[in-house]
Each structure stands twice: as C-alpha cells, then as structure tokens.
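Peer 1:
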Amino acid sequence: MSFTLHPIARLTAPLVNKLFLKRVEGLDNIPKTGPYILAANHVSVPDEWLIGNIILQKGNKRLWFIGRDDFWSAKWWSKLTARVLGALLIDWRDPAAVLKRTLAILRAGGIVATFPEGVRNFDTRALVLGKTGTVRLALWARCPIIPVGYRGPNIVTTWDVFKNFFLARHTATIIFGEPIDFSDYYQTPITRRLLYELTDKMMVEIGKLCGRRPRLHEYL
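Per UniProt numbering, the sequence shown runs over residues 1 to 220.
1. If Met202 sits next to Ile145, beta carbons under 8 Å apart, how far is it from one beta carbon to the other, in whole angstroms?
2. Taking the C-alpha atoms as reference points, what is the distance between Tyr186 and Cys143?
3. When you compare only the Cα positions, how much space is there between Pro35 and Trp64?
4. Does the distance from the CB of Thr114 to the CB of Thr132 come in under 7 Å?
5. Across the segment 45 to 63 and the segment 99 to 114, are there enough close Cβ pairs to call them in contact, namely three or more that are closer than 8 Å?
6. Which stretch, first to last residue, makes up the alpha helix (DSSP H) that contains Gly152?
7. Can the beta-carbon of Ala40 be found less than 7 Å from the beta-carbon of Val148?
8. Under the assumption that Phe182 contacts Ala138 (Cβ atoms under 8 Å), give the Cβ distance between them as a whole number of angstroms.
9. In three-state terms, what does DSSP make of Leu129?
10. Going by other Cβ atoms of all chains shown within 10 Å of its Cβ, with 16 needed for buried, is Arg23 buried or exposed?
11. Hey, is Asp181's beta-carbon within less than 7 Å of any beta-carbon in chain B?
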C-alpha cells in the first residue's frame, strides 16, 4: 500500500470486502508475518484490489504486487489500484530489474502478490502456462508461496465493474490455499527444469482453488 493512500484503504477495506465478495476461504493459511508470496490466477481488473484489501483487513500489512509496465496507461481503475496497492512494474527492456527489487522487499520481510499466468485469463476451463518468476523469487528469498484462487466475473471495462460489483454485489470468491514450501530445494542449483517442475506444482494448487485445469511445461 502506498503511504499516501494507506489510511484511506484501511478504512474502506471492510466495506469493499463486504459488498463485493461472496466469500473468502482459507484465511488461516495466510502467515502472520512476511516474507511470503501470494500467487493467484488472474481473471479481472479488481483481482489485486480485492486480494490486497483482504490482506490489509486481516493484518494491516502493506502488499506489493507485480504488474506490466503498461499499467499506468490503463484506465482509471488500474491506475487507482496501482497507487493504492503498490505496483512493481515489469520493464520488458530489463525484466530482471523487477525481480531484484521484489527480492529486496521479500528479504526485508515484505509481502508480494504475483499472477504467474502473466495476463488476464478469460478461459473458464484452463489456466495459462505459468511463468517461472514466482518460484525463482521464492527460492531466492527462501519464503513460502500461498496459492490463491479467484472465482468471479471477467471484468474488462468500467461498466463491467459497476454491473458486476455495484449492481450484482457479492460476486467474487477468493480462496487461500495452504502454503507451498520449497525449502527442500533451497540448496539445489536452480535450473530451467527445476523451475518448470516447481512452477507446475504451484499452478496445480492454484488450479484446484480456482477450478481451472493447469497447463504444464514439457521438460522431460
């Protein structure tokens, strides 16, 4: 959360969650302290907003999330989300830079949310093939990954936000899974095969929570 908007978000979080969320499950799976990574499927624009509000309401903790570098050129909802939640923007000219900054946050005990699919996925049956950055960060920072499943409407336009959340209300369900512990691999050299294998394990858990089939890497 940005220091400027954090007090406002802290006050509005209970109302936002009460109006927009159908239910939240697995809150006991969220660690009391960082560092940890939240890894969620990505369906709509408000995903990060709602997840961030849950974390804020549960423990008044600042949450960072990783987003594309075109985030600031998006519409008002995305811009507001980026400011309130704190965006770590991926510069495609130097994608490693965001990993270094995120790693510093995790090593300082921070909390980071990622969307391993990399894009909003409107396929209701299957997840997009998971990217390996989340697992790489977890191995570097030696922290758990909390899989998150989002089940809710596809939100693209401002009208979609109004229709699905302000008019319909209680349309989204967010489920936090049990922490994924990769500590057995902390001393293992990080290879492409290892990243693919562990990323697939993470995506399987996310798929169970959101009700979508994971796509797996071919690394055999």
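Glycine is no exception: its CB is placed at the ideal position from the N, C-alpha and C atoms.
Peer 2: Put simply:
1. Within the sequence shown, residue 202 is the residue found at index 202, counting from 1. Within the sequence shown, residue 145 is the residue found at index 145, counting from 1. Indeed, because the Cβ distance is near 6 Å, the residues count as touching under 8 Å.
2. One-based indexing of the sequence shown puts residue 186 at position 186. One-based indexing of the sequence shown puts residue 143 at position 143. If I take the Cα positions, the gap works out to 10 Å.
3. Within the sequence shown, residue 35 is the residue found at index 35, counting from 1. Within the sequence shown, residue 64 is the residue found at index 64, counting from 1. CA-to-CA, the gap between Pro35 and Trp64 works out to about 11 Å.
4. Within the sequence shown, the letter at position 114 stands for residue 114. Within the sequence shown, the letter at position 132 stands for residue 132. Not a contact, by the Cβ cut-off of 7 Å.
5. Contact check between the segment 45 to 63 and the segment 99 to 114: three or more CB pairs, one atom from each, fall below 8 Å, which counts as touching.
6. Taking the sequence shown and counting its residues from 1, one reaches residue 152 at position 152. Here Gly152 belongs to no alpha helix (DSSP H), and DSSP marks it neither H nor E.
7. Translated into the one-based positions of the sequence shown, residue 40 becomes position 40. Translated into the one-based positions of the sequence shown, residue 148 becomes position 148. For the 7 Å CB-CB criterion, Ala40 and Val148 form a contact.
8. Within the sequence shown, residue 182 is the residue found at index 182, counting from 1. Within the sequence shown, residue 138 is the residue found at index 138, counting from 1. Rounded, the Cβ-Cβ distance is 6 Å, consistent with contact.
9. As a working mapping, residue 129 is identified with position 129 in the sequence shown. Coil.
10. Looking up residue 23 in the sequence shown gives position 23. When all chains shown are included, Arg23 counts as exposed.
11. Looking for chain B here will not work: only one protein chain is present.
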